[in-house]
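Colleague: Below: one structure in structure tokens.
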Amino acid sequence: MDHLFTPFTIKGLELKNRVVMPPMCQYAVKSKDGIVNDWHYIHYVSRAIGGASLIIIEMTDIEPDGRITNFDLGLWSDEQIAPLKRIVDAIHANGAKVGIQIAHAGRKAEDAETPVAPSAIPYDDKSKTPRELTTEETKQMVEKFRLAAERAVKADVDTIEIHGAHGYLIHQFQSAYTNKRTDEYGQDKTRFGRQVIEAVKSVIPDSMPLIMRISAREYVDSGYGLEESIAFSEAYRDAGVDMFHISSGGEGPILAHGRPGTHVAYQVPMAREFKQALHVPVIAVGRLDEPSLANAVVGNDEAELVAVGRGMLRNPYWTLEAAAKLGKEIQYPGVYGLGFGIK
């Protein structure tokens with residue numbers, strides 16, 4: 001039976017276990033140029049030493065005004081490739097594979113002078129009102145995703161994750177809550193996401209799996225639910241997505257009656273529904289920090305991979321600790337096995 005420490009392969013990506021470090025913004029860029037620095041190097045490489053099989057680098061933006069803040073990472077310039085590759089090479093040298101999440105914040109770009117979005121609807125009453133993208137600008141945005149993916153490939157990543165969740169630009173296009181357009185991108189709300197997928201697929205190797213992060217449910221009045229998200233994700237799957245990373249929320253203020261649960265594994269049922277409906281591998285995420293629980297998600301065939309976020313923020317060596325608690329035999333890095341009673 002599969003468990004947290006069994007290997008997993010999808011296309012050309014071979015993982016030694018099922019533990020994923022999900023993308024988590026660090027807001028740590030010092031010079032506002034979108035270039036990784038020593039903080040990012042230590043942050044990501046330590047989790048590779050700590051045993052995670054796949055490290056997905058945080059939301060990395062396709063243009064400067066696509067950042068949540070000016071302290072976020074970017075892939076809009078060739079100058080950003082070599083510093084990123086330094087981190088990718090070090091992660092590889094320590095036994096893990098690397099993904100990177102490419103994105104645009106859309107109306108949630110806090111530091112943009114004038115954010116852009118599918119429609120001129122602010123995120124909340126404290127946010128700037130975005131400018132509606134023209135049809136031609138929307139097509140140019142697809143090209144910017146393609147160029148960012150091309151740079152990611154040059155940095156030697158093993159997989160790319162397209163960010164279609166948490167209220168950012170692709171999410172804004174796919175949601176009737178935020179997309180009030182009348183052009184081709186309003187008539188078919190999956191069009192922008194599908195074009196981004198196709199553009200990214202055109203520049204990545206055939207052996208590289210493409211991941212997409214999705215909010216399976218919006219916690220707002222008139223927001224979409226699981227049935228709708230499965231439907232538009234079917235279109236994304238047919239456009240070329242190989243695996244979905246299942247989260248939820250992100251659009252509008254989270255209302256009391258729709259607030260997601262604070263209990264552990266509250267998003268796992270949605271991951272299971274996606275897996276069963278779309279017949280594709282999924283990554284489950286959301287309060288899965290307890291090793292026995294993460295192990296059960298895989299063992300019960302609810303998801304192929306488990307993303308552990310806050311647990312790895314607390315402990316870079318979460319995966320090594322999980323193996324010890326679960327009694328699984330793994331190869332410890334260097335002399336670290338001594339800390340777990342391995343001579």
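Okay, so the sequence shown: first residue is 1 according to full-length UniProt numbering, each after it adds one. Think of the CB as a built atom: it goes at the ideal place given N, C-alpha and C, for glycine as much as any other residue. Predicted model only: the values in this text are computed from it and were never measured.
With a CB to CB cut of under 8 Å and the five nearest residues on each side skipped, what residues in its chain are close to A256?
Modeller: Taking the first residue of the sequence shown as position 1, residue 256 is located at position 256. Confidence at A256 is low in this model, with a pLDDT of 47, below 50, so its placement is unreliable and the value that follows should be read with caution. Closer than 8 Å at Cβ, skipping near neighbours: no residue.
Colleague: Express the C-alpha separation of D156 and V19 in angstroms, rounding to a whole number.
Modeller: Here residue 19 refers to the residue found at position 19 of the sequence shown. Here residue 156 refers to the residue found at position 156 of the sequence shown. Near 21 Å, if we compare the C-alpha coordinates of D156 and V19.
Colleague: Between I55 and L75, is the Cβ-Cβ spacing less than 8 Å?
Modeller: Position 55 of the sequence shown, counting from 1, holds the residue named residue 55. Position 75 of the sequence shown, counting from 1, holds the residue named residue 75. Taking 8 Å as the Cβ cut-off, I55 and L75 do not qualify as a contacting pair.
Colleague: With DSSP as the reference, please indicate the residues paired to D61 in a beta bridge.
Modeller: Position 61 of the sequence shown holds residue 61. Answer is G74, A103, bridged to D61.
Colleague: Using the beta-carbon count (16 or more within 10 Å), is Q172 buried or exposed?
Modeller: Walking along the sequence shown from the start, residue 172 turns up at place 172. Classification for Q172: buried.
Colleague: Using three-state DSSP, classify K128 as helix, strand or coil.
Modeller: The residue labelled residue 128 in the question sits at position 128 within the sequence shown. In the structure shown, K128 sits in coil (DSSP, three-state: anything other than H, G, I, E or B).
Colleague: Taking Cβ positions, are G240 and E161 nearer each other than 8 Å?
Modeller: Residue mapping note: residue 240 aligns to position 240 of the sequence shown, counting from 1. Residue mapping note: residue 161 aligns to position 161 of the sequence shown, counting from 1. Not closer than 8 Å, so no.
Colleague: Look at the alpha carbon of R131 and the alpha carbon of V116, and state the distance between them as a whole number of angstroms.
Modeller: Counted from its first residue, the sequence shown places residue 131 at position 131. Counted from its first residue, the sequence shown places residue 116 at position 116. Distance between the alpha carbons of R131 and V116: 5 Å.
Colleague: Short of 7 Å in beta carbon distance, which residues of its chain neighbour N70, apart from the five on each side in sequence? Order them along the chain.
Modeller: Numbered from its first residue, the sequence shown carries residue 70 at position 70. Answer for N70: K32, D111, listed in chain order.
Colleague: At the level of alpha carbons, what is the spacing between A303 and G249?
Modeller: For the purposes of this step, residue 303 is taken as residue 303 along the sequence shown, with counting starting at 1. For the purposes of this step, residue 249 is taken as residue 249 along the sequence shown, with counting starting at 1. About 20 Å.
Colleague: How about A52 and T319: are their beta carbons less than 8 Å apart?
Modeller: Within the sequence shown, the letter at position 52 stands for residue 52. Within the sequence shown, the letter at position 319 stands for residue 319. In this structure, T319 lies closer than 8 Å to A52 by Cβ.
Colleague: Looking only at C-alpha atoms, which of V306, I283, D301, H279 sits nearest to E290?
Modeller: Here residue 290 corresponds to residue number 290 of the sequence shown, with the count starting at 1. Between E290 and the set V306, I283, D301, H279, the nearest pair of CA atoms involves V306.
Colleague: Which residues share a DSSP beta bridge with V20?
Modeller: The residue labelled residue 20 in the question sits at position 20 within the sequence shown. According to DSSP, V20 bridges with L54, A307.
Colleague: Can you check whether the CB of P281 is closer than 8 Å to the CB of I49?
Modeller: Residue numbering aside, residue 49 sits at position 49 when the sequence shown is read from its first letter. Residue numbering aside, residue 281 sits at position 281 when the sequence shown is read from its first letter. No, the Cβ-Cβ distance between I49 and P281 is not below 8 Å.
Colleague: Check R67 in the structure and name its three-state DSSP category.
Modeller: Translated into the one-based positions of the sequence shown, residue 67 becomes position 67. Coil, per DSSP.
Colleague: At what residues does the alpha helix (DSSP H) containing F232 begin and finish?
Modeller: Reading the sequence shown from its first residue, position 232 is the one you call residue 232. Looking at the DSSP string, the run of the alpha helix (DSSP H) that includes F232 is 226-239.
Colleague: Does the region 131-149 touch the region 174-192, meaning 3 or more C-beta pairs lie closer than 8 Å?
Modeller: Cβ pair count under 8 Å is three or more, so yes.
Colleague: Write down the C-beta distance between P209 and T159 rounded to the nearest angstrom, noting that I regard them as a contact closer than 8 Å.
Modeller: As a first step, residue 209 must be located in the sequence shown, where it is residue number 209. As a first step, residue 159 must be located in the sequence shown, where it is residue number 159. Confirmed, Cβ separation roughly 5 Å.
Colleague: Measure from the alpha carbon of S247 to the alpha carbon of each residue in L278, A277, V285, T6, then state which is nearest.
Modeller: Position 247 of the sequence shown, counted from the first residue, corresponds to residue 247. Answer by Cα proximity: V285.
Colleague: Determine the extent of the alpha helix (DSSP H) in which T138 is found, giving its start and end residues.
Modeller: One-based indexing of the sequence shown puts residue 138 at position 138. Start and end: 135-154.
Colleague: Ignore the nearest five residues each way along the sequence and tell me which others in I57's own chain have a CB closer than 6 Å to its CB.
Modeller: Taking the first residue of the sequence shown as 1, we reach residue 57 at position 57. So the qualifying residues of the chain are I100.
Colleague: State yes or no: is the C-beta of M141 within less than 8 Å of the C-beta of R217?
Modeller: For the purposes of this step, residue 141 is taken as residue 141 along the sequence shown, with counting starting at 1. For the purposes of this step, residue 217 is taken as residue 217 along the sequence shown, with counting starting at 1. Their beta carbons are not under 8 Å apart, which means M141 does not touch R217 by this criterion.
Colleague: May I ask you to report which of helix, strand or coil DSSP gives T182?
Modeller: Translated into the one-based positions of the sequence shown, residue 182 becomes position 182. It is coil, neither helix nor strand.
Colleague: What three-state label does DSSP hand G164 in the structure shown?
Modeller: Start at 1 with the first residue of the sequence shown, and residue 164 comes out as number 164. G164 falls in the strand class under three-state DSSP.
Colleague: Just tell me which of V268, I102, S229 has its CA closest to the CA of G34.
Modeller: Taking the first residue of the sequence shown as 1, we reach residue 34 at position 34. Comparing Cα-Cα distances from G34 to each of V268, I102, S229, the minimum goes to I102.
Colleague: By the DSSP assignment, the alpha helix (DSSP H) with H245 in it spans what residues?
Modeller: Residue 245 sits at position 245 when you count from the first residue of the sequence shown. Per DSSP, H245 belongs to no alpha helix (DSSP H); it is in the beta strand (DSSP E), 243-247.
Colleague: Would you kindly report the start and end of the unbroken beta strand (DSSP E) that includes A284?
Modeller: For the purposes of this step, residue 284 is taken as residue 284 along the sequence shown, with counting starting at 1. Taken as a continuous stretch (DSSP letters only), the beta strand (DSSP E) holding A284 covers 282-284.
Colleague: Quick one, are the C-beta atoms of S215 and A176 less than 8 Å apart?
Modeller: By 1-based counting over the sequence shown, the position of residue 215 is 215. By 1-based counting over the sequence shown, the position of residue 176 is 176. No, these two residues do not count as a Cβ contact at 8 Å.
Colleague: Using a 10 Å radius around the Cβ and a threshold of 16 neighbouring Cβ atoms, would you call T9 buried or exposed?
Modeller: For this step, residue 9 is matched to residue 9 along the sequence shown. For T9, the number of other beta carbons within 10 angstroms of its own is below 16, and it is reported as exposed.
Colleague: Excluding the 5 residues preceding and the 5 following L326 in the sequence, name in chain order all residues of the same chain whose CB lies nearer than 8 Å to its CB.
Modeller: Taking the sequence shown and counting its residues from 1, the one referred to as residue 326 is at position 326. The beta carbon of L326 sits closer than 8 Å to those of H3, L4, F5, P291, S292, N295, all from its chain and outside the five residues before and after it, given in chain order.
Colleague: From what residue to what residue does the beta strand (DSSP E) around E321 run?
Modeller: Looking up residue 321 in the sequence shown gives position 321. It is not in any beta strand (DSSP E) - E321 instead sits in the alpha helix (DSSP H) that spans 318-326.
Colleague: Starting from S215 and walking both ways along the beta strand (DSSP E), at which residues does that stretch end?
Modeller: Within the sequence shown, the letter at position 215 stands for residue 215. S215 -> beta strand (DSSP E) spans 210-215.
Colleague: Classify S233 as buried or exposed, calling it buried when 16 or more other Cβ atoms lie within 10 Å of its own Cβ.
Modeller: The residue you call residue 233 lines up with position 233 of the sequence shown. By the neighbour-count rule (16 or more Cβ atoms within 10 Å), S233 is buried.
Colleague: For K97, list the residues DSSP reports as bridge partners.
Modeller: Mapped onto the sequence shown, residue 97 falls at position 97. Paired residue(s): L54.
Colleague: Using the Cβ count rule (16 or more neighbours within 10 Å means buried), how would you classify G339?
Modeller: Here residue 339 is taken as the residue at index 339 of the sequence shown, counted from 1. When all chains shown are included, G339 counts as exposed.
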